[in-house]
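Chemist:
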Amino acid sequence: MCSVPLLTSWYSQKKTQNVLATYEQVVEQAAGDEIEQLRNQADEYNKKLWAESKGVREQSEPEQMEEYESMLNAEKMQTGMMCVLEIPLIDLRLPVYHGTSEAVLKEGVGHLMDSSLPIGGENTHCVMTGHRGLASARLFTRLDELKEGDEFFLEVLGEKLAYKVEEINVILPEEVESLEIRPGEDLVSLVTCTPYGINTHRLVITGKRVVYEEKKEEEIKKKRPSVREMIFTMIPILFLAYVVIERIKRKREKRNCEGKRKRNRNQKRKCKHYRRKKRKRKKSRRQKRKIQKTAKGENQMRNASSFDMFSCGIGKTFGVCRNRNRKYRNLY
Numbered sequence: 001m002c003s004v005p006l007l008t009s010w011y012s013q014k015k016t017q018n019v020l021a022t023y024e025q026v027v028e029q030a031a032g033d034e035i036e037q038l039r040n041q042a043d044e045y046n047k048k049l050w051a052e053s054k055g056v057r058e059q060s061e062p063e064q065m066e067e068y069e070s071m072l073n074a075e076k077m078q079t080g081m082m083c084v085l086e087i088p089l090i091d092l093r094l095p096v097y098h099g100t101s102e103a104v105l106k107e108g109v110g111h112l113m114d115s116s117l118p119i120g121g122e123n124t125h126c127v128m129t130g131h132r133g134l135a136s137a138r139l140f141t142r143l144d145e146l147k148e149g150d151e152f153f154l155e156v157l158g159e160k161l162a163y164k165v166e167e168i169n170v171i172l173p174e175e176v177e178s179l180e181i182r183p184g185e186d187l188v189s190l191v192t193c194t195p196y197g198i199n200t201h202r203l204v205i206t207g208k209r210v211v212y213e214e215k216k217e218e219e220i221k222k223k224r225p226s227v228r229e230m231i232f233t234m235i236p237i238l239f240l241a242y243v244v245i246e247r248i249k250r251k252r253e254k255r256n257c258e259g260k261r262k263r264n265r266n267q268k269r270k271c272k273h274y275r276r277k278k279r280k281r282k283k284s285r286r287q288k289r290k291i292q293k294t295a296k297g298e299n300q301m302r303n304a305s306s307f308d309m310f311s312c313g314i315g316k317t318f319g320v321c322r323n324r325n326r327k328y329r330n331l332y
């Protein structure tokens, strides 16, 4: 049972890797004109959103929903993905989907509708949300390990965008002012629940656009060890080790006890006092059997008829006993 979370997490990672590989393959095979058209449409959408000066809106009309779902998702690119979020410091690479429904958040990261699309540019603020602490997937479980100055990346339509963490805030679910578009800035906010396992607040990590440098990305230390994940990984391993050690100890104790008994028996057999006691026990058993036999004979004599005893006595005198009851012959 302890290994179930590890197996489900491993399966989820393999599934995510396949989805990301499919997305990259589709983008590579897409024509340049189609990629450019998708980018222009997303840019116009962001400009329209900024012109409305509403930032993150509470509700959307059906027409806006249809327009939103068509962004960064051409007919020939029906992967359902908008982009790829990569955070090398915590070894995270996840697909980003439209919306924040429960089905989406189980598969990857959700893009908050009515926030800017993840293509960069001035007057944009893209908001991405993800679950934390799921047994079936890692997702944003280690997001709280990011610090100011760390970088994360977006891969959109074959282009990589770099963002540097500038703000880390903890807010209530209804406090959305920090998610609004800020004039002249290019921002991306990553949102998840906090504290871990309680989820009463929201952790918001906001990154500001910086120049992407491939060399710098390679220099980033990958797979920063997570104390929390190490603990959860070690618990089943330690439990199994404890069970194995206990079984070995029991077998060894049982073997030692059996060997000790054998050694004790051998030592007793060699001891003269033990042999003397053994002879006495044998002698007492023989005497006991003799007494029992004598008592049995006396009882038989009391119960026998006078004729049977007389006939057996005469027969024994002459060496012949004609009595059918031979059990009285040895009494004389």
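Residues 1 to 332, numbered by the UniProt record's numbering, are exactly what the sequence shown covers, in order.
All residues carry an ideal CB built from backbone N, CA and C; glycine is no exception.
#1: In this structure, how does DSSP classify T124 when only helix, strand and coil are distinguished?
#2: Figure out for me which residue from V191, Y163 and E219 has the closest Cα to the Cα of L172.
#3: Would you call R279 buried or exposed, if buried means 16 or more other Cβ atoms sit within 10 Å of its Cβ?
#4: Are the CB atoms of L161 and N46 within a distance shorter than 8 Å?
#5: In the DSSP assignment, find the beta strand (DSSP E) that holds V176 and state where it starts and stops.
#6: Using the rule of at least 16 other Cβ atoms within 10 Å of the residue's Cβ for burial, across every protein chain shown, is G33 buried or exposed?
#7: According to the neighbour-count rule (16 or more other Cβ atoms, all chains shown, within 10 Å of its Cβ), is T200 buried or exposed?
#8: Express the C-alpha separation of V244 and E167 in angstroms, rounding to a whole number.
#9: To the nearest angstrom, how far is it from the Cα of Y23 to the Cα of L154?
#10: Please identify the residue among T129, G133, K14 and Y163 whose C-alpha is closest to the C-alpha of L105.
#11: Quick one: what's got a C-beta closer than 7 Å to E148's C-beta in the same chain, skipping five residues either side?
#12: If you draw a straight line from the C-alpha of A42 to the C-alpha of P236, how long is it?
#13: Can you tell me which residues form a DSSP beta bridge with G207?
#14: Tell me the DSSP secondary structure of L92 in three-state form.
#15: What residues match up with K160 in a beta bridge as DSSP calls it?
#16: So, for L20: in the same chain, excluding its five sequence neighbours on each side, which residues have a beta-carbon less than 7 Å away from its beta-carbon?
#17: Between S12 and Y68, what straight-line distance do the alpha-carbon atoms span, to the nearest angstrom?
#18: Check the DSSP bridge columns for G99 and list the partner residues they point to.
#19: What's the C-alpha gap between I181 and A51?
#20: What is the DSSP secondary structure of R132, counted as helix, strand or coil?
#21: Can you tell me the Cα-Cα spacing of R289 and K249, whole angstroms?
#22: Give the C-beta separation of V210 and Y163 to the nearest angstrom, bearing in mind that I take them to be a contact with Cβ-Cβ under 8 Å.
#23: Taking all protein chains shown into account, decide if A135 is buried (16 or more other Cβ within 10 angstroms of its Cβ) or exposed.
#24: How about I205 and L139: do their beta carbons lie closer than 8 Å?
#25: Let me make sure I understand the geometry here. Which of P195, R202, I198 and L157 has the alpha-carbon closest to that of E177?
#26: Could you tell me which of T233, E28, E63 and Q17 sits nearest to E159, measuring between CA atoms?
#27: Can you look up R138 in the DSSP assignment and give me helix, strand or coil?
#28: So who's on the other strand from L85, going by DSSP bridges?
#29: Assign R31 to one of two classes, buried (16 or more other C-beta atoms within 10 Å of its C-beta) or exposed (fewer than that).
Modeler: Result, derived from the coordinates:
#1: The answer is strand: DSSP assigns T124 an E or B state.
#2: V191
#3: exposed
#4: no
#5: Note, V176: premise wrong, no beta strand (DSSP E); not H, not E.
#6: Checking the sequence, you will find Asp at residue 33 rather than Gly. It counts as exposed.
#7: Flag for T200 reads exposed.
#8: 48 Å
#9: 13 Å
#10: T129
#11: V165, E166 and I168
#12: 47 Å
#13: Answer is V165 and V188, bridged to G207.
#14: strand
#15: E155
#16: V84, R93 and P95
#17: Distance between the alpha carbons of S12 and Y68 is about 27 Å.
#18: H111
#19: 11 Å
#20: strand
#21: It is roughly 47 Å from the alpha-carbon of R289 to the alpha-carbon of K249.
#22: 7 Å
#23: exposed
#24: no
#25: R202
#26: E28
#27: coil
#28: L94 and L154
#29: Checking the sequence shown, residue 31 turns out to be Ala, not Arg. By the neighbour-count rule (16 or more Cβ atoms within 10 Å), A31 is not buried but exposed.
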